[in-house]
Structures are given as structure tokens and as C-alpha cells.
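S.K.: This is the structure I have questions about; it appears just below.
Number of protein chains: 2
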Amino acid sequence: MDKLELCKANNVPLTPITFLKRASECYPNRTSIIYGNYRFTWPQTYDRCCRLAAFLLSLNITRNDVVSILAPNVPAMYEVHFSVPMTGTVLNPINTRLDAKTIAVILRHAEPKVVFVDHEFAPLNREVFRLLSFGELQAHSLIIFINEIGSTTNPSSKELDYEGLIRETETTPSLSATTFLVHDENDPISLNYTSGTTSEPKGVVVSHRGAYLSALSSIIGWEMAIRPVYLWTLPMFHGTGWTHTWSVAARGGTNICIRSVTALEIYKNIDLHEVTHMCCAPTVFKILLEGGGTGQISRSPPVRVLTGGSAPPAALIEKVQRLGFQLMHSYGLTEATGSVLFCEWQDEWNRLPADRQMQLKARQGVSNLAIADVDVKNTKTKESVPRDVKTIGEIVIKGSNIMKGYLNNPKATIEVFKHGWLNTGYIGVIYPDGHLEIKDRSKDIIISGGENISSIEVEKVLYEHQEVMEAAVVAMPHPLWGETPCAFVVLKKGEKKSMTKEEDLIKHCRENMPHYTCPRKVVFLEELPKNGIGKILKPKLRDIAKGLVVDEDDIGSKKVQGTGVNQVSSKL
Amino acid sequence: MDKLELCKANNVPLTPITFLKRASECYPNRTSIIYGNYRFTWPQTYDRCCRLAAFLLSLNITRNDVVSILAPNVPAMYEVHFSVPMTGTVLNPINTRLDAKTIAVILRHAEPKVVFVDHEFAPLNREVFRLLSFGELQAHSLIIFINEIGSTTNPSSKELDYEGLIRETETTPSLSATTFLVHDENDPISLNYTSGTTSEPKGVVVSHRGAYLSALSSIIGWEMAIRPVYLWTLPMFHGTGWTHTWSVAARGGTNICIRSVTALEIYKNIDLHEVTHMCCAPTVFKILLEGGGTGQISRSPPVRVLTGGSAPPAALIEKVQRLGFQLMHSYGLTEATGSVLFCEWQDEWNRLPADRQMQLKARQGVSNLAIADVDVKNTKTKESVPRDVKTIGEIVIKGSNIMKGYLNNPKATIEVFKHGWLNTGYIGVIYPDGHLEIKDRSKDIIISGGENISSIEVEKVLYEHQEVMEAAVVAMPHPLWGETPCAFVVLKKGEKKSMTKEEDLIKHCRENMPHYTCPRKVVFLEELPKNGIGKILKPKLRDIAKGLVVDEDDIGSKKVQGTGVNQVSSKL
């Protein structure tokens, strides 16, 4: 058996960029991208990517070099997910919602040879480059300016123009193979900096092999049928669009690109192009709910929405589904190259009451097929927890779609891969039917009198209150119990001012959960502090909670406006 | 970037046997196998496989050793697809329709350490072992007897009993990893001997990596949704069940095992268990059509059938679909680890007339996502043919799911992998929409006056005649043109004897295709000669055709009963 050596015919690197040439050959008449009035076919997208790749090659950039991009979900942003790795270089999509200082930190760390900048972020980029000292990047980093397609505005003389480069560069024969210039599937394809709710951003390096496997298993986990019409509400920079930049090509789908994620844009594009699929963090539900009252209530078939990032409470899922969206809940990590768990629906659940269905849907589900193993382990003994829904432990994962590690950060890499697993830092339980449910990030667990309280569980109950728009629960100090839950709540904006008070919400909690898990304090805010990808910044809330005092006799009417909070929010 | 080394958390061998432990954890309450009155759950199947694997390990068999099996689609046959490769050894499922002599050739070549034999094939197996000289296998090959589950018949004292071993062996901790004892994804998982319509059987060695990728991409290509109910009409020994032994586990599906593929068994099990999926060669359509007249005409939703092996004519597809089956056409090869092309349906085709839809459905389609590249190349110049439906060439493939090679046959391995591709030996064309259509095996092309005639094209027209049940066309010698088509036809068995004559069919052909491509001779048979997996044996027909004389003036009433043919058929 060992005499059978691998050869060119049976040993081809696994990389999702193979999907591009295949799409151009298998779906030649199919629209690849729609952006406003512009439309491309798959052969056109393939051609544009080859031309841009040829230009990058002409710069003598080489394997493992980094190419960064600062752009919204426009066609160029989609194309670089192919054209950059085609050349053997590494794509670094930057979170456009970050401030100049954080982006400067990222660029200093990633050391890109080329930076693509969309015109919308040109001012931000100028600020970033002012922050970088001379010689750090200016000397060897080339900026390519992405203008609106068809625009006649020229970039400044120092900058190259994306559309101009595509027009003027011919493709090269070296790009003719299906795998282009990728020779080793374990080479890096992308570098995404994690949102960093708590610490310095870390650069997650993903391999071609990992991205390929995640893209395939996401198609299966989500049951993405052939030829989807995919609306880009999820930023492509977020975990590289959870690998759907590549999976849409694999399915011969159509990418609906939009510059800004507003209710108007979402509903307009859904109706115009008969959107079948979209992904988003639960924060987008707020946009859908606020803009959904304009009559677009039922859709047939419903738009299939894959959601992740944080656990959506059952009550929220139900509200969004009423608008004509069919939600599937997923749990993922940038470090695991996208979605790890999918809440696979079981037909027998259709016979259950609606509220029970939503509870089942709120669980994170079962592993995708590229994950070799997922487990929940006792954080101290490292033994698997029983499948009893009660015993919590840390979720750990292994598989070939897990990241290669953090760039230039051996300490964090060793730490996260300790004991032969990716240690996610998330606390969860397993149901007897094999579905996982995340209880919290280990950092967010509240330990009260020796009992673990899941902040997510408390938030779930708060969301069930009809006046609550958003809720976040963190630990606050307690003289007797060590910690106790403190809730930060944004109320719905109705025509008349809400009359809901702190005691109403605490009463609601006490009626629906054990007494010791109820918040002792409720702080009303106009807005919750969030990071660049819409994740609630619990460390900021914890800082505020630390300064609050528990007074058991005075569950009161004090309404904190959280002045410091909103300022923090706008900065991150 | 290169400093990021692979580790246990992010580098796990790709193997479809990971699907087994996952199924037992993610689908613990789901039925894995139904066989008559017996039912197993996924945890039970996992447990049974672990016990059998532990027994195999106790024999000190080791990596790359071969374990053969001679069994129909019973639970044991399904289980060995996991339990054998779990131990690092190689599964060799043998075609049970072969004669003792051919099986002896295979065993002599494969040199198995263990042979599993189902009780139905015990007499055949005894004949096989009589043919093997002493010392060839008897000395070191252990036989494990598969009795009916629950049967009290004991095997002879020399043979071990499958159910007894499972009952009596405890699993070992060495089998606790998800990938069990597989440490290199390029190690072999299976050894399947090709049907060999023309030559000695060749042993196709497939890797764990190849099987994993094929299983995943078959799920996507066929759009096999979660929790299928899969009826085993396709023999599991055929290209190892086109990888669906593994894909059903990946989807948490239920395997309906049946001992014999009869119309009664098929329709009974479809109705009893609400079958959603099945695979078969087009020869099974004959069984479906003959048994389908008993009222089971419409099914909702229809049973999804993946068919391959030979190109089903459009007319045949339509007839089968009317019985409540929804056909998808696929093209595969044992050498490519199952299905290579899938005829992906396009919604816009639903608006076309029914006959046009069936023509589109008869094409072989577009490549699966594990195939890195597929092309049609001019057999002489090796250049890609234009996508014009007219220019024929050989279909060539590359990708990591292509076999490792032929066991102990370097000559054939080098030949089939020449020029860096798997050279399939099939002649095809490409449509402008990217779909491939197979015109013929290169061996079956008829060359008449310098023109290529596809035997499949002639067969298609014959199948459109309402009296034709089966048709096969081969070359017969022609004094002027070199070769000319000769048709072998089986007529439908109706209540009254068919009056269709040779001249009727030739007239039908002349009305529907170019004159030079029409058969000059039609031979009526009771049955077409077929090999063990139901493929029509064209070499046998060519032998007969060689002896026939073309007489242009006497397209006559001669009806050959093909005495020699049926004898040949029953032997193979």
C-alpha cells in the first residue's frame, strides 16, 4: 500500500479559491455580484480577480506577505478574498468600525505590503497613517484606492486606483491553475484581528485548508442549497465573513453587496433580488425589528438567517421570525474559522408549542463536519462534563479548520492551544440530545455565594419583558456574596415614554428565575457600549458596576444615564 | 507566519470515520440502522463498531492490512465501513455477484488477513477457498461468519461468529479518539476492485482523506438534507456505496438495510419508513418500473434518487419520475471515490417543456467541490475542447479525492495518471452552461467512415420507442465504413407478445437521427449480458456483433435469441 505515492492528479491543496475558477466554468451565466446598478457574472469576477492578482504579482510581493483592506461590503471587498490569496499572500480585512489608533496598532503588527482603502474610509486611513511613525509603513506600504465603480473622481497622484488597475492589467499564465499560486494547503490565507473586548487585538491566522473545510462544512451545517442569493449584512471583515465569501462561490450563488447595513437597504434588497440567505450578529435584529414595521411582514419562502456572535434570547428569535425570517443559530469563533456549532432543526420539534421551539432554537447546537471533536470540560479537572444540562464546563474544540495561531504571539498561541484543544473561553452545558448551549464567556460568569450565575440566563429573562430592547448583565460587588448580578437595560422607544422602573424588572426576574440569580440593580441606558463588530463591551459595564453599591433595602428609582458609557461606546 | 506550527488542536487527519463518534454524540436518539424488525441507534452502532474494532486489534493485524467482506447490504456490512478502518486496516468489500473464480483472483491479490462472510454467501465462499491453493490464504486468513441477527444457527467450529464477537468483546481505550487509530489521512481506507468489463479486476486504493472529501462533497452535490432516511438499493461494495456509507452517518441519517433488491422490498420499505433518499444504477429502474404498477404512483415528497453508472436516457428518467421518484443524475468512478459530476438542477429549467427537462437531466452536470479540476481534452493534442457541445474529448479529473492508485499494479497506475490527471477513458462534451455530457467510453465509440458515433446517443433514441425496455449499441464490422452500429434490444414484456420488428426500430431511428448513425442491425434478446454490478457487458455484445453480417438489402425479420449471451450473463 505504501508504494502508492501521491501525484499531481490525486494530491491537490485544499483551498477555497478553487471555487472561483469552478464557479466561472460551472455557473457561467449566473450573476456573481449585484451592487446597486452594477452586476457581474462569475466569469467576470474570475477575470477581475485574475487581473488584480497579476498586478499584485507585478509588485514582487510573495508568499506570507500581508495585504490589508479597509472597506465595507463592496465588490472589491468580495474580490480580494480571492485575488489576494491567489497570489500566495495573506488577506487581512480590517474592522472598519475601529478607531484610527486601534487600526494603527493592527497595521504596525500585520506589516502589510499593500493596503486597499475604500473611498469612504480615506479620511480614517489618513488619520491612521499620521499615527504611524515615518518608516513604519510609509516607506514600503502601497495604498490602492477603491473608488465607486464608474466614478470619475481620481485618487490623489500618490494612490493607485482599483478599477484602473483591473482595467489596465492583463492576467498572467502563472494564474491558470485551479489552485493558482497556492502550493501548500497549510499556508495562511487570512489574518483577522479579533474584536478584543478585553485586551489587545490578536491576529488570527487561518490556513487555506482550514478555510476550505469551514466553507464546505458551513454549507452543510446551514443546508445552503444551490444558487443562493446572499445578502451581505455580515461584514466580510468579520471572521472573513464566517467563510461565506467562499461558500457563496462554491454554491454558484449571487452576492448582494451593500455599503451600509440599514433597515431601508436590507428590506429594499431583499425584495428587489429575492434574497434567500443572510448572516448577522443578533445586533442586526434590532435594525430588522425597527425597520420591519413597514408592511414587509411575511415572506415566502422566508429569508434564511444564520446568526451568531452572541446568544439571541428565545423571545428575540420569535420577534424576528414573525417578520419573515427563518433563523438558524450558530456559534463560532474567529479562531475556529467561522461557525463551529449549528442548531440543526429536528422535524419533531415542529409539533412543540412556539415558545418551546424558540427555546430549542436558542441553543447553539451540534458541531459542523470539519470539527473533529468538540467537548465541554471541567475547567479544573479537564474531564468531560455529563450531558445533564446542569454541569457547566469550558467548550473545547479540535479540528483542521482551527486557526494556525496568533501572529507573532507565541504566548497567547500556546495558552489557547493548551492540552491539545482550542480552549474557547466559553462556558457551556450539553443536553442529553447532544446539543450544546453556551452559558457565558468564562470571564462573564457571576460567582455569587459560590454559585455560578450565567449572565446570559439573566439576560434571557430580561428580554422576555415586553419593554426591553437590549440587556446586558455583569457582576457587581456584594459585601456578603462576593458578586451579584447587575443589569444594564435599554428600553424600547415607543410613542410614549416607557414607565418601566427598576423594581418592575426585578419583580419580573423574581417571578421567572431563582431569587439568587436575579439582578440586585438595574441601570437604564440610552445605548449599550459596543465594540467595532457590535459586541457588547461587558468590561466597560463591569467598570461601572464596580462603582455601584448594593442596598438591599433601597431597590430604587435611581436612573443612571451612564454618561461615561456612551462616550466609551462611540470610541470603540 | 511560518513560525506557527501545526499542533494537536488544529491538525486532525481528515477521515469519514470521525462521523461515527459525532453521530453517536449529536444524534443519540436517532435510529442509525433498520433491518427488518431490528433497529439500532447511533450510540449502539458506535458501540458495536468499537467492539468489533477491539476484536480486530486483538488479532494483531496492523496498518495497511486488508480485511475483506462478502456480504449483502446487512447491518454488519454497514458497520465494517467504520470498524475496519478505525483500526488502521483497509476495508475490501467484494462484489457478491462475482463468480468464485473471480473472487479467488481478488483474494489472491488483496491478501486479506480477515474475511467476513455473510451466511448467504457461505457456499460461494467455500467454493472460493477450494480454488485457492493451500497456503495462499487458509494458513493466515481468518473467517468471521455473519449470521442473521438473533439466529441460533451456529457457524462451524472453525468460524467465528460476528454477533458473538460483538457480544463478547469489550472496547479498548485506544479507540477513544475521534479519528480512532488513523494517524495519517493519506493512509488507505478501502480497496475496491473495479467491475472490469474488459480486463482483469484492478484494486482501487482510496485514502481516508479522499473518502472524507468525497463524502462531504456528495452531501453538497446531492443536497442531502439533515436526517435522511436512506434506502440501501445500491450495493455497499460498489465504490464503497459511493461514499454514502459515511455520508449518512455525517447527516445523522437512518440506513434502511435490505438483503435483496426486489421491487417488493423497495416499495415496502419506502412506504414503511418514509424513505427520502436512495442511490442506484439505471438497471434498478427496470425493477422500479416493473414493480411500480401496483398503485404506488405518487409520493410526496418524492424519493430522491441519485443515479449513475451509465447514462440514463431522458425517456427512462421520465418514466421513473412518474412513479414518484425525483432523479438526480451523477457520474462517478471507483477511481474518483464516487460521484464526480452532479447534474445540479436550475430553477429556470422548471419552465421548460417536460421532454426538454428530461434531456437536461440526462446530462452528467458539474463537478463536486472536492474535485479540484475537471476538463475534456482532445485525446491526441491534450488540449481542452471548446464548450460547444460538438467537440468530443476525454474527460480528465484531478483532486484530493482521486484514488491513491491500483494496488500492486504500477503499470496501470502510471497509465491512468499520465499527464497529471486521472484519465477516465470516457468521452464527453461540454455545454456552454458548463455541464458535461458523457458521450461514451472511449472503447465503445463506433467509428464509421471516419465519423465518431456515440453508442449512447443511438441508445437514447432506441429508448424513446415505447416498446423498448433495454438497449445496447456496439460496433459491428462494415465492409465499406469499417464499423457500423449494431443494436441489442430487450422488448417490454406486456400481456400480449410485442409485434415490434427490426425494421420498425431502424425506421424509428432514421426518423430521429442522422442516417449514418442508425443501427444497421437489431438483435432482440431476452436479457442483456451484465456484470456483477449490473453494467452491460459491451465486449460480449461486440463478440456477437463481430459474427453478424451487414446486408443492406435484407434488414430483416431474423430474430436472434442470443443463446450464448444469456449463459454468459448468468455467469458474470
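Chains as they are written, first to last, in the UniProt record's numbering: chain Y, 1 to 572; chain G, 1 to 572.
For each residue, glycine too, the CB sits at the ideal point set by N, CA and C.
#1: For chain G, find out if any of its Cβ atoms is closer than 9 Å to the Cβ of Y:Val385; answer yes or no.
#2: Are there three or more Cβ pairs, one per stretch, closer than 8 Å when the segment 36-53 of chain G is compared with the segment 266-274 of chain G?
#3: What is the DSSP secondary structure of G:Cys518, reduced to helix, strand or coil?
#4: At 7 Å on the CB atoms, spell out the chain Y contacts of G:Trp421, in chain order.
#5: Step through the CB atoms of chain G and report whether any lies within less than 9 Å of the CB of Y:Met328.
#6: Run the proximity test for G:Val80: is its beta-carbon closer than 8 Å to any non-hydrogen atom belonging to the ligand ATP?
#7: Enumerate in chain order the residues of its own chain whose CB-to-CB distance from G:Gly295 is below 7 Å, with the five nearest sequence positions on each side excluded.
#8: What does the alpha-carbon distance come out to for the pair Y:Asn186 and Y:Leu213?
#9: Of the residues Y:Leu56, Y:Asn423 and Y:Ile446, which one's Cα is nearest the Cα of Y:Ile166?
#10: If you run the structure through DSSP and keep just helix, strand and coil, what is G:Met278?
#11: In this structure, how does DSSP classify G:Cys486 when only helix, strand and coil are distinguished?
#12: When the Cα of Y:Arg542 is compared with those of Y:Glu526, Y:Met476, Y:Val522 and Y:Leu505, which residue comes out closest?
#13: Rounded to the nearest angstrom, what separates G:Ser24 and G:Pro43 at their Cα positions?
#14: Could you tell me whether any Cβ in chain Y is nearer than 9 Å to the Cβ of G:Thr179?
#15: Is G:Pro13 near G:His109, with beta carbons less than 9 Å apart?
#16: Could you tell me if Y:Ile447 is buried or exposed, where buried requires 16 or more neighbouring beta carbons within 10 angstroms of its beta carbon?
#17: Closer than 9 Å, Cβ to any Cβ of chain Y: which residues of the segment 395-407 of chain G, in chain order?
#18: Would you please state the rounded distance, in angstroms, between the beta carbons of Y:Ala545 and Y:Val474? I believe it to be under 8 Å.
#19: Below 8 Å on C-beta distance, what does Y:Gly434 contact in chain G?
#20: Could you tell me the distance, in whole angstroms, from the CA atom of Y:Val468 to the CA atom of G:Tyr331?
#21: Are there 16 or more other CB atoms within 10 angstroms of the CB of Y:His183, so buried, or fewer, so exposed?
#22: If you follow the alpha helix (DSSP H) that G:Val550 is in, where does it begin and where does it stop?
#23: Can you name the residues of chain Y whose CB is closer than 7 Å to the CB of G:Asp184?
#24: Can you confirm whether G:Thr18, when its beta carbon is compared against all beta carbons of chain Y, has any partner nearer than 9 Å?
#25: Determine, using beta carbons only, whether G:Ile220 comes closer than 9 Å to chain Y.
#26: Skipping 5 residues on each side, what residues in its chain have a beta carbon closer than 8 Å to that of G:Val461?
#27: Is the beta carbon of G:Asn95 less than 9 Å from the beta carbon of G:Pro235?
#28: Please state whether DSSP places Y:Pro386 in a helix, a strand or coil.
#29: Grouping DSSP H, G and I as helix and E and B as strand, with all else coil, what is Y:Val80?
#30: Between Y:Ser218 and G:Pro519, what straight-line distance do the alpha-carbon atoms span, to the nearest angstrom?
#31: Whose Cβ in chain Y lies nearer than 9 Å to the Cβ of G:Asn64?
#32: Using a Cβ-Cβ distance cut-off of 9 Å, determine whether G:Ile69 contacts chain Y.
#33: Scan the segment 156-176 of chain G for residues whose Cβ lies nearer than 7 Å to a Cβ of chain Y and list them as they occur along the chain.
#34: Taking G:His109 as part of the alpha helix (DSSP H), name the residues at either end of that continuous run.
#35: Can you give me the Cβ contacts of Y:Val305 inside the same chain, cut-off strictly under 6 Å, excluding the 5 residues immediately before and after it?
#36: Roughly how many angstroms separate the alpha carbons of Y:Ile106 and Y:Asn147, rounded to a whole number?
M.R.: Taking the coordinates as given:
#1: Taking the first residue of the first sequence as 1, we reach residue 385 of chain Y at position 385. Judged by the 9 Å Cβ criterion, Y:Val385 is not in contact with chain G.
#2: Segments in contact, no.
#3: Counting from one through the second sequence, the residue named residue 518 of chain G turns up at place 518. Coil.
#4: Here the question's residue 421 of chain G lines up with position 421 in the second sequence. Under the 7 Å cutoff, chain Y gives Ala9.
#5: As a position in the first sequence, residue 328 of chain Y is number 328, starting the count at 1. Y:Met328 does not count as touching chain G.
#6: Annotation note on the ligand ATP: not contained in the displayed structure, which lists no ligands.
#7: Taking the second sequence and counting its residues from 1, the one referred to as residue 295 of chain G is at position 295. Note that G:Gly295 scores a pLDDT of 46, beneath 50, so its modelled location is shaky and nothing firm can be said.
#8: Start at 1 with the first residue of the first sequence, and residue 186 of chain Y comes out as number 186. Start at 1 with the first residue of the first sequence, and residue 213 of chain Y comes out as number 213. The alpha-carbon atoms of Y:Asn186 and Y:Leu213 are separated by roughly 12 Å.
#9: The count along the first sequence starts at 1 and reaches residue 166 of chain Y at position 166. If we check each option's Cα against that of Y:Ile166, Y:Leu56 comes out closest.
#10: Translated into the one-based positions of the second sequence, residue 278 of chain G becomes position 278. In the structure shown, G:Met278 sits in a strand (DSSP, three-state: E or B).
#11: Translated into positions along the second sequence, residue 486 of chain G becomes position 486. Three-state result, G:Cys486: strand.
#12: Within the first sequence, residue 542 of chain Y is the residue found at index 542, counting from 1. It is Y:Met476.
#13: Translated into the one-based positions of the second sequence, residue 24 of chain G becomes position 24. Translated into the one-based positions of the second sequence, residue 43 of chain G becomes position 43. Between G:Ser24 and G:Pro43, the C-alpha separation is close to 4 Å.
#14: In the second sequence, counting from the first residue as 1, residue 179 of chain G sits at position 179. Output row for G:Thr179: interface = yes.
#15: Taking the second sequence and counting its residues from 1, one reaches residue 13 of chain G at position 13. Taking the second sequence and counting its residues from 1, one reaches residue 109 of chain G at position 109. No, the Cβ-Cβ distance between G:Pro13 and G:His109 is not below 9 Å.
#16: Taking the first residue of the first sequence as position 1, residue 447 of chain Y is located at position 447. Exposed is the call here.
#17: Val396, Ile397, Lys398, Gly399, Ser400, Asn401, Ile402, Met403, Lys404, Gly405, Tyr406 and Leu407: these are the residues of the segment 395-407 of chain G whose beta carbon lies less than 9 Å from some beta carbon of chain Y, given in chain order.
#18: Stepping through the first sequence from its first residue, residue 545 of chain Y is reached at position 545. Stepping through the first sequence from its first residue, residue 474 of chain Y is reached at position 474. Sure, about 5 Å apart at Cβ, within 8 Å.
#19: By 1-based counting over the first sequence, the position of residue 434 of chain Y is 434. Going along chain G in sequence order, the residues near Y:Gly434 (Cβ under 8 Å) are Glu25, Cys26, Tyr27 and Pro28.
#20: For the purposes of this step, residue 468 of chain Y is identified with residue 468 of the first sequence, where counting begins at 1. For the purposes of this step, residue 331 of chain G is identified with residue 331 of the second sequence, where counting begins at 1. Taking the straight line joining both Cα atoms gives about 55 Å.
#21: Start at 1 with the first residue of the first sequence, and residue 183 of chain Y comes out as number 183. Y:His183 should be labelled exposed.
#22: For the purposes of this step, residue 550 of chain G is identified with residue 550 of the second sequence, where counting begins at 1. Premise fails: G:Val550 is in no alpha helix (DSSP H) and is neither H nor E.
#23: Taking the second sequence and counting its residues from 1, the one referred to as residue 184 of chain G is at position 184. Those do not exist, as G:Asp184 stays about 10 Å from chain Y at its closest Cβ, beyond 7 Å.
#24: In the second sequence, counting from the first residue as 1, residue 18 of chain G sits at position 18. Yes, its Cβ sits closer than 9 Å to a Cβ of chain Y.
#25: In the second sequence, residue 220 of chain G corresponds to position 220, counting from 1. True, the Cβ-Cβ gap to chain Y drops below 9 Å.
#26: Along the second sequence, read from residue 1 onward, the residue named residue 461 of chain G stands at position 461. Hits under 8 Å: His508, Cys509, Asn512 and Met513.
#27: Your numbering for residue 95 of chain G matches position 95 in the second sequence. Your numbering for residue 235 of chain G matches position 235 in the second sequence. Cβ atoms of G:Asn95 and G:Pro235: closer than 9 Å.
#28: Mapped onto the first sequence, residue 386 of chain Y falls at position 386. The answer is coil: DSSP assigns Y:Pro386 none of H, G, I, E or B.
#29: Numbered from its first residue, the first sequence carries residue 80 of chain Y at position 80. Residue state, collapsed to three classes: helix.
#30: Here residue 218 of chain Y refers to the residue found at position 218 when the first sequence is read from its first residue. Here residue 519 of chain G refers to the residue found at position 519 when the second sequence is read from its first residue. Straight-line Cα distance between these residues: approximately 50 Å.
#31: Taking the second sequence and counting its residues from 1, one reaches residue 64 of chain G at position 64. Per Cβ cutoff of 9 Å: Met1 and Asp2.
#32: On the second sequence, residue 69 of chain G is found 69 positions in, with the first residue counted as 1. Output row for G:Ile69: interface = no.
#33: none
#34: The count along the second sequence starts at 1 and reaches residue 109 of chain G at position 109. It spans Ala100 to Ala110 - the alpha helix (DSSP H) in which G:His109 sits, taken as one unbroken run.
#35: Position 305 of the first sequence, counted from the first residue, corresponds to residue 305 of chain Y. Here the set comprises Met278, Phe325 and Leu327.
#36: What you label residue 106 of chain Y is simply residue 106 of the first sequence in a count that begins at 1. What you label residue 147 of chain Y is simply residue 147 of the first sequence in a count that begins at 1. Distance between the alpha carbons of Y:Ile106 and Y:Asn147 is about 23 Å.
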